[in-house]
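Presented below is the structure to which this report refers.
Here it is in structure tokens:
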């Protein structure tokens, strides 16, 4: 087994820090990754999607001692110039920018191609031109579709059961092709069902927790029988850092990052209710259901390759992660970010 020892966190040498870049830094996982990288001794140039309000998204929630090591750049991964400016001088780029809402991919599939496929192409072309030392590409467990065998190994067939997953498969294959065609130093991480503070309520765990935190006891959800492998966001962020800082053995490889524990959505509801100390009932809303053949029924990660090559293991149990997530959502200032009574595609 080859293990990588990560550097001791230090926040006191801003000018001497190695510069890395992160696309999608204003999002849920991206903002947690930025914090993990800074606490690991890096200086981060972080892309937040351009908007007229000048908002930095979830980056604005990071502590000041972290933000002093972050250079925020408003831009768009669909624009080659934005991507090149972000990556200029960076030793590694962590590419997380993507459209991720599966329901909206049924409505606006072209936007998913433009962001997830063309955006990835822009990152790869910039890395090739600039000589970037490493590209860490973000995949998703959704590319596997409903599991044919479990636990799911990286060699499991890829199944595009939604326009979203199809675009992520396309992006994954572009990354693979640039490694094989041009020897670009790439590594792909496939996180399974990440959850935690700052996650969009389009995902099931924040949907459940935000409704309970708002005082609801008759919860409105979609299907309860799909099986998921939930991984706390701090563990996912550590997985990104692990593949970004590991030795050359990871180059050209794809790695799953999951907890290795499966649970149905229905049992997740019961566990959350237990953690939050409430009794709830569930009412299924048809508008929250995926088309029958598009629903991914079972996901369970085999993360042995990631552990073998980097030493990464999940550290936060589902019970502890749900407790931390519930504590964050029940703070009124955090819950105010969410339109709890409204379903948004």
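Residue numbers (the UniProt record's numbering): 1 to 345. Think of the CB as a built atom: it goes at the ideal place given N, C-alpha and C, for glycine as much as any other residue.
Backbone CA spacing between residue i and residue j [nearest angstrom]
i           : j           : result
residue 157 : residue 144 : 6 Å
residue 90  : residue 134 : 9 Å
residue 187 : residue 64  : 31 Å
residue 161 : residue 116 : 16 Å
residue 86  : residue 124 : 13 Å
residue 84  : residue 126 : 5 Å
residue 340 : residue 88  : 40 Å
residue 271 : residue 179 : 42 Å
residue 330 : residue 197 : 11 Å
Cut-off 6 Å between Cβ atoms - residues of its own chain near residue i, not counting five sequence neighbours on either side
i           : result
residue 227 : 262, 264, 298
residue 24  : 30, 96, 97
residue 185 : 134, 251
residue 171 : 116, 117, 120
residue 207 : 201
Proximal residues to residue i (C-beta, below 7 Å), its chain only, five neighbours per side dropped
i           : result
residue 236 : 29, 191, 194, 257
residue 118 : 78
residue 275 : 319, 322, 323, 326
residue 110 : none
residue 9   : With a pLDDT of only 45 at residue 9, under the threshold of 50, the placement of this residue in the model should not be trusted, and no figure is reported.
residue 4   : Only weak support exists for where residue 4 lies, its pLDDT of 40 falling under 50; the coordinates are left without a value.
residue 182 : 128
residue 315 : 235
residue 7   : Because residue 7 carries a pLDDT of 43, less than 50, the predicted location of this residue cannot be relied on, and no value is offered for it.
7 Å Cβ cutoff met for residue i and residue j
i           : j           : result
residue 22  : residue 44  : yes
residue 53  : residue 35  : no
residue 213 : residue 310 : no
residue 92  : residue 333 : no
residue 112 : residue 163 : yes
residue 229 : residue 300 : yes
residue 48  : residue 58  : no
residue 202 : residue 336 : no
residue 139 : residue 168 : yes
residue 210 : residue 338 : yes
residue 153 : residue 302 : yes
residue 240 : residue 174 : no
Own chain partners of residue i with C-beta closer than 8 Å, once the 5 adjacent residues on each side are dropped
i           : result
residue 224 : 264, 265, 266, 269, 282, 284
residue 320 : 232
residue 295 : 146, 161, 223, 226, 289
residue 217 : 278, 279, 280, 281
Three-state secondary structure assigned by DSSP to residue i
i           : result
residue 327 : helix
residue 10  : Note that residue 10 scores 47 on pLDDT, short of 50, meaning its location in the model is unreliable; the coordinates nonetheless yield the value given after this. Looking at residue 10 - three-state DSSP - the assignment turns out to be coil, as it is neither helix nor strand.
residue 2   : Confidence at residue 2 is low in this model, with a pLDDT of 42, below 50, so its placement is unreliable and the value that follows should be read with caution. It is coil, neither helix nor strand.
residue 30  : helix
residue 144 : helix
residue 191 : strand
residue 338 : coil
residue 69  : coil
residue 93  : strand
residue 107 : helix
residue 332 : helix
residue 202 : coil
residue 261 : coil
residue 98  : coil
residue 313 : coil
residue 149 : coil
residue 167 : helix
residue 278 : coil
For residue i: DSSP bridge partner residues
i           : result
residue 284 : 221
residue 357 : Shown here, the chain extends from 1 to 345; a query on residue 357 therefore has no answer.
residue 155 : Looking at the DSSP assignment, residue 155 forms no beta bridge with any residue, so it has no partner.
residue 74  : 48
residue 349 : The question about residue 349 has no answer here: the residues shown for the chain are numbered 1 through 345.
residue 122 : For residue 122, which the question treats as bridged, DSSP gives no partner whatsoever.
residue 298 : 227
residue 179 : Note: residue 179 sits in no beta bridge, so no partner.
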